[in-house]
Amino acid sequence: MSLIKPHAYAELPEVFYNLQNWEGFKNPSLVIENAQLKKEMGLQNIEGYKLLEIFNGSSQIKTLKPLSMVYAGHQFGQYVEQLGDGRGLLLGQINSSSGLIDIHLKGAGKTPYSRFGDGRAVLRSVIREYLCGEAMHALSIPTSRALMIVGSDELVIREKSETAAMLVRTAKSHIRFGNFEYFHYNNKPEHVKALADFCIHQYPSYFLKTKNSYEDFFRSVVEKTACLIAKWQACGFNHGVMNTDNMSILGETFDYGPYGFMEDYLPSYVCNHSDHQGRYAFKNQPYIGLWNCSALGHALSSLVSEESQGEILLTYEPIFQKTLAELYQKKLGLIKFNRDDAQLIQGLLDIMESEKLDYTNTFRNISQAITNEETPELNTHIAKSWIKSYQARHKIEPSSIDEKVSLINENNPKFILRNYMAQEAIEAAENLNLSMLETLIHVITHPYDELEQFEYFASRSPDWAKDIEISCSS
Ligand code: AMP
Ligand code: MG
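Quick note on the numbering used here: the sequence shown kicks off at 144 and runs consecutively.
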């Protein structure tokens, strides 16, 4: 395992983490491994069962310096003074084809930050996390990704008794807004500074080292967050638990819990069944992203003046709006900017909302409106005048019809991860049938392809599946 190195984070003083080992499962099994990611990490020559043994806690990997990180965070708007990796360990880092990446083990057992939890994760939730990382990656949305699921025959108690599993997760970084908050609220500005210095040094392609490196660091986090959330909005993704401890400083989607891809377009969509107030509703995500950035700014107040913070936070909205507008333009097959496009897009969203249209399929089929075919979703009286303005708008585009159709197909997935599909794959996997999971992974990792044989994966969820409730109990 010489490819995996101890994490540079372990060079920080021990107030930042707890060095520790973990107990693997007695009868570990290989649920699934990610061949593509394995290759990117240069691990393709190591057999799955061998990797399984390593991540289940072989002596080789324990010579790295596995650690659980301490952090805090705002959960549903309330500050919680100590969170931390309650069931996760940062094992080390590896040089992959896309740069240095972290290897983390989720569900590895108790740590000093487990509070009342058992330190374990259940198969259901690690499959959901695996699936979503792959789905987001295929949609070009920055995300953590899983390398492997280690299964077990051990049971843990949630709302009911469930099988435990571990997820080997990779991400560019596991540093969260909450890591900074922890030291700020503990009145340790020297540790806030050490952590910021660590980030600037560790992620040079994200953070320029300039005269005002702390301001630039904050500016860059704000920019990455605004871009990330614009990408979520464009594909209809609802994270569900946008607490500051689930926000990566590199703007990667992270800590998948009760997430959901919106099906019928509904701005007030809330995927998290425990979010009674709808704080993290789909339409609130852009604002919550800003709120979280301002919480990070506050935690950086010993390094970045209030005035600079205010100026930097003002950049969030224009970056978010511009990124989202560009994404929507491409979704509509447009390359030329036109002042009235925002209105055109809003008009379509309004129709989707009032007609309860499927967000993904309406966009995917929108090219039919310019090739003069019938669009199944927009074949209603109220959509007719919108289609006319859309067609008129396309008349002033320089590109050919074929180019427009390609642009639309490249920017509107045919396949998204619908909750009920994940649920069916999970239930099959719980009964030791993994073929559904493998098929689903194939489909969601080819979201823009036609895949005629998997047409049924592109349909709206059946009515029985619309009410699947996903809570935080993972
Ligand atoms: P999450 O909702 O996964 O972002 O977790 C919030 C906090 O609770 C983090 O500090 C987790 O490490 C911790 N946590 C969640 N589930 C467990 C568990 N089963 N055992 C210990 N800690 C947990
Ligand atoms: Mg979390």
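The C-beta atom is built at its ideal place from N, Cα and C for all residues, glycine as well.
Nonlocal neighbours in the same chain, by C-beta distance under 8 angstroms from residue i, ignoring five residues either side
i: Glu395; result: Pro285, Thr286, Ser287, Ala314, Lys315, Ser316, Leu371
i: Asp484; result: Ala468, Tyr471, Gln472, Leu475, Leu477, Arg536
i: Asn552; result: Arg507, Ser510, Tyr591
i: Ile525; result: Ile494, Ser497, Glu498
i: Asn427; result: Gly421
i: Leu146; result: Met184, Gly185, Leu186, Ile237, Asn238
i: Tyr328; result: Ala215, Tyr222, Glu224, Ala442
i: Thr466; result: Ala369, Cys370, Ala373, Lys374
Sequence-distant residues of the same chain with beta carbon closer than 7 angstroms to residue i, five excluded per side
i: Leu491; result: Trp529
i: Gln534; result: Ala512, Ile513
i: Leu310; result: Lys249, Gly250, Ala264, Val269, Glu272, Tyr273, Ala289, Ile292
i: Ser542; result: Ile478
i: Ala337; result: Leu155
i: Leu446; result: Val335, Lys336, Ala339, Tyr357
i: Pro332; result: Ser445
i: Leu393; result: Lys315, Ser316, Tyr346, Tyr349, Lys367
Chain-order list of residues whose beta-carbon lies under 6 angstroms from that of residue i (same chain, five-residue window excluded)
i: Asn161; result: Ser211, Pro255
i: Asn562; result: Gly403, Ile611
i: Gln218; result: Asn386
i: Leu583; result: Met564, Ala568
i: Glu644; result: The structure shown has nothing for residue 644, since the chain only spans 144 to 617.
i: Ala608; result: Tyr563
i: Glu598; result: none
i: Thr518; result: Asn508, Gln511, Ala512
i: Gly379; result: Phe404, Met405, Tyr502
Residue i versus the options, residue with shortest Cα-Cα distance
i: Ile343; options: His441, Ser578, Tyr357, Phe425; result: Tyr357
i: Met564; options: Glu593, Arg271, Leu446; result: Arg271
i: Trp165; options: Gly231, Ala289, Ser549; result: Gly231
i: Glu593; options: Asn504, Glu573, Leu580; result: Asn504
i: Gly276; options: Ile189, Ile559, Glu460; result: Ile559
i: Gly421; options: Gln489, Tyr408, His441, Met385; result: Met385
i: Gly262; options: Leu195, Phe168, Leu351; result: Phe168
i: Trp375; options: Trp434, Leu186, Ser283; result: Ser283
i: Gly242; options: His441, Gly383, Tyr349, Glu450; result: Tyr349
i: Lys499; options: Thr582, Pro410, Ile462; result: Pro410
i: Ala377; options: Pro429, Leu393, Glu366; result: Pro429
i: Ser444; options: Phe480, Glu520, Ala339; result: Ala339
i: Ser451; options: Asn355, Asn481, Ile392, Ser417; result: Asn355
i: Tyr399; options: His150, Ile488, Asn381; result: Asn381
i: Ser401; options: Thr466, Phe425, Leu393; result: Sequence check: residue 401 is Pro here, not Ser. The shortest Cα separation from Pro401 among Thr466, Phe425, Leu393 belongs to Phe425.
i: Ala151; options: Ile244, Glu595, Asn576; result: Ile244
i: Val335; options: Gly440, Asn555, Leu194; result: Gly440
i: Leu194; options: Ile488, Phe159, Gly294; result: Gly294
i: Pro605; options: Asn576, Gln566, Ser578, Leu577; result: Gln566
i: Ser532; options: Asn574, Glu581, Glu595, Gln486; result: Gln486
i: Lys148; options: Leu580, Val158, Asn188, Pro209; result: Pro209
i: Glu540; options: Ala572, Asn481, Thr523, Glu517; result: Asn481
i: Arg603; options: Met579, Glu520, Leu550; result: Glu520
Check whether residue i and residue j have beta carbons under 7 angstroms apart
i: Asn330; j: Tyr214; result: no
i: Arg319; j: Met390; result: yes
i: Cys414; j: Thr368; result: no
i: Asp296; j: Asn199; result: no
i: Ser87; j: Gly229; result: Residue 87 lies beyond the range of the chain shown here (144 to 617); nothing can be said about it.
i: Ile569; j: Arg301; result: no
i: Leu180; j: Leu207; result: no
i: Leu173; j: Gly185; result: no
i: Tyr408; j: Met495; result: yes
i: Ala178; j: Thr588; result: no
i: Asp501; j: Glu406; result: yes
i: Tyr412; j: Leu433; result: no
i: Phe388; j: Gly216; result: In the sequence as displayed, the identity of residue 388 is Asp instead of Phe. Closer than 7 angstroms, so yes.
i: Phe259; j: Ala373; result: no
i: Tyr325; j: Gly383; result: no
i: Ser239; j: Glu183; result: yes
i: Ala601; j: Lys547; result: no
Chain C within 7 angstroms of residue i, Cβ atoms only
i: Glu546; result: Within the model displayed, chain C is absent; a lone protein chain is all it includes.
Should the stretch 449-467 be called in touch with the stretch 353-368, which here means at least 3 C-beta pairs below 8 angstroms?
yes
Can you list, in chain order, every residue whose CB sits closer than 6 angstroms to a heavy atom of the ligand MG?
Asp388, Asn389, Asp398
Counting Cβ pairs, one atom from each stretch, are 3 or more of them under 8 angstroms apart for the stretch 292-312 and the stretch 329-344?
no
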